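Below: one structure, written as structure tokens.
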Amino acid sequence: MGIIVNLDVMMAKRKISAGELAQTIGITPANLSILKNNKAKAVRFSTLEKLCEVLDCQPGDILEFQRGDDDE
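Oh and the sequence shown: position 22 is 489 in the working numbering, straight run, nothing missing.
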């Protein structure tokens with residue numbers, strides 16, 4: 468499985484739209500969508516920091532590690 472991005476959960480808890488979040492943290496809505504839909508290959512710490520600041524959360528609230536069945 469790998470890293471799971473729970474950005475949509477935090478956005479719903481904070482009642483913030485994707486467009487508003489993207490504009491606030493300074494990335495394109497397309498790049499936010501890539502991150503939100505687990506399609507990103509990497510995330511900059513500066514972006515993660517801004518996400519945590521705006522969503523008032525910790526990195527672990529957004530990112531989660533799940534082992535795949537092959538990893539056991």
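Glycine is no exception: its CB is placed at the ideal position from the N, C-alpha and C atoms.
Just so we're clear, the structure is a prediction, and the values are computed from it rather than from any experiment.
DSSP three-state call for residue i: helix, strand or coil?
| i | result |
| --- | --- |
| Gln490 | helix |
| Gly527 | helix |
| Ile471 | strand |
| Lys503 | helix |
| Ser484 | coil |
| Ala479 | helix |
Kindly list the residues whose CB is nearer than 6 Å to the CB of residue i, restricted to its own chain and excluding five residues on each side of it in sequence; keep chain order.
| i | result |
| --- | --- |
| Lys506 | none |
| Glu539 | The predicted model places Glu539 with a pLDDT of 49, which falls under 50 and marks its position as unreliable; any figure quoted below should be read in that light. Answer for Glu539: no residue qualifies. |
By DSSP's criteria, residue i is part of a beta bridge. Which residues make up the other side?
| i | result |
| --- | --- |
| Phe532 | Ile470 |
Whole angstroms is fine: what's the gap from residue i's alpha carbon to residue j's?
| i | j | result |
| --- | --- | --- |
| Gly527 | Leu488 | 18 Å |
| Gln490 | Glu520 | 14 Å |
| Asp536 | Ile471 | 15 Å |
| Val510 | Ile492 | 13 Å |
| Pro496 | Lys482 | 17 Å |
Between which residues of its own chain and residue i is the CB-CB distance below 8 Å, once the five residues before and five after are set aside?
| i | result |
| --- | --- |
| Asp475 | Lys503 |
Name the two residues that bound the continuous alpha helix (DSSP H) containing residue i.
| i | result |
| --- | --- |
| Lys517 | Phe512 to Leu522 |
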